[in-house]
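There are 2 protein chains.
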Amino acid sequence: MENLRSDCEATNIDIVNRVKPRMPEMNLLYELSDFFKVMGDSTRIQLLWALEESEMCVGDLAVVLDMTKSAVSHQLKVLRTAKLVKAQKKGKNVYYALDDHHVKSILEKALEHIGE
Amino acid sequence: MENLRSDCEATNIDIVNRVKPRMPEMNLLYELSDFFKVMGDSTRIQLLWALEESEMCVGDLAVVLDMTKSAVSHQLKVLRTAKLVKAQKKGKNVYYALDDHHVKSILEKALEHIGE
DNA sequence: AATATAGTTGAACAACTATTCATTTGTTGT
DNA sequence: ACAACAAATGAATAGTTGTTCAACTATATT
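These protein sequence lines map, in sequence, to chains A and B. Counted the way the working numbering counts, the first sequence spans residues 8 to 123. Counted the way the working numbering counts, the second sequence spans residues 8 to 123.
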């Protein structure tokens, strides 16, 4: 027996009955929104944009974004956890690169939406 | 004279000099991240998904999402402000519909990223 | 006119998030 | 071994965000 949170009855029962079973699993919804949450920060967008131009180390990214290495490093970790970037150690430096070929096209679609 | 926030010098000056001028205006970056912020919430993703199936009124959306009308209304306002949905009053009800043809393709790209 | 229904709104609260600061780890060069 | 540098980390703080609750507006029904 389900415990309903909604505070009202359906107005168009036919529509509700058609749409409700087509809703995705809660699990998938969380994965989707988590993905967009990662994209929903200007620092991380800048990092992705910069890495689309070139693989870069943390210090150089800090210069490009004009932020501290610490702040950049924190955000790179978020991007790494989301599997959007990958890290590779080269001597004293850690070089980051894009790890997802969808990011570019998603950014393009978002730009289309904005530019209207 | 700029006031730099970065706490380090560039390691690869050539890369930094090539990437830095290609970075977009801060204004555009904020628009981009704001857009993704709107998508970065499971309730709003659910609303967009449901509205992709059919135009619906607030009460029906509340039933489909199993949430209160108030919570749904608050989130619909966010989506309306972001111009992702539009509202139309029909008698006692307010019917919401998608107002952006990019949403679907963006969701699809995001699903591709997740499903790997 | 009075009542019921649909939706919106604002305040409040709890949960979350990004940056800063100080510290630590690991690598290079001497 | 030691100093210098690059990056990562944890704790703290300030700012933001989503839901709840109660009050309010507007439309429909009797």
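Beta carbons are placed, not taken as given, at the ideal position from N, Cα and C, and that holds for glycine. Computed from a predicted structure; not experimentally measured.
inquiry  = Using only CA atoms, which one of P31/B, A78/B, H120/B, V92/B lies nearest to S13/A?
reply    = A78/B
request  = Check M63/A in the structure and name its three-state DSSP category.
outcome  = strand
task = Ignoring anything shorter than 4 residues or poking outside the segment 98–123 of chain A, list the alpha helix (DSSP H) runs there in chain order.
result = 109–121
key: Contact check, Q82/A vs R51/A, beta carbons under 8 Å   = yes
key: Residue closest to V71/A, alpha-carbon to alpha-carbon, out of L105/B, G122/B, P28/B, E119/B   = P28/B
I20/B classed as buried or exposed, judged by whether at least 16 other C-beta atoms fall within 10 angstroms = exposed
request  = Assign H120/B to buried or exposed, taking buried as 16 or more other Cβ atoms, counted over all protein chains shown, within 10 Å of its Cβ.
outcome  = buried
ask   = Taking the alpha carbon of V26/A as the point to measure from, which residue in V26/B, L39/B, L58/B has its own alpha carbon closest?
value = L58/B
Opening and closing residue of the alpha helix (DSSP H) in which L126/A lies = No answer is possible for residue 126/A: it lies beyond the span of chain A, which begins at 8 and ends at 123.
query = Within the chosen definition, does the segment 86–94 of chain B reach the segment 40–55 of chain A through at least 3 CB pairs nearer than 8 Å?
reply = no
request  = Verify the contact flag: Q53/A, CB atom, against every heavy atom of the ligand NAP, threshold strictly below 7 Å.
outcome  = Annotation note on the ligand NAP: not contained in the displayed structure, which lists no ligands.
task = Quick one: residues in its chain with C-beta nearer than 8 Å to the C-beta of G66/A, no 5 flanking neighbours on either side, listed in chain order?
result = K76, N100
Min CB distance Y37/B to chain A below 8 Å = yes
ask   = Hey, is S40/A's beta-carbon within less than 8 Å of any beta-carbon in chain B?
value = yes
query = Per DSSP, A94/B forms a beta bridge with which residues?
reply = Y103/B
ask   = Beta-carbon separation of M30/A and W56/B under 8 Å?
value = yes
Interface partners of G66/B on chain A, CB under 8 Å = C15, E16, A17, T18
ask   = Where does the unbroken alpha helix (DSSP H) through T88/B begin, and where does it stop?
value = 76–88
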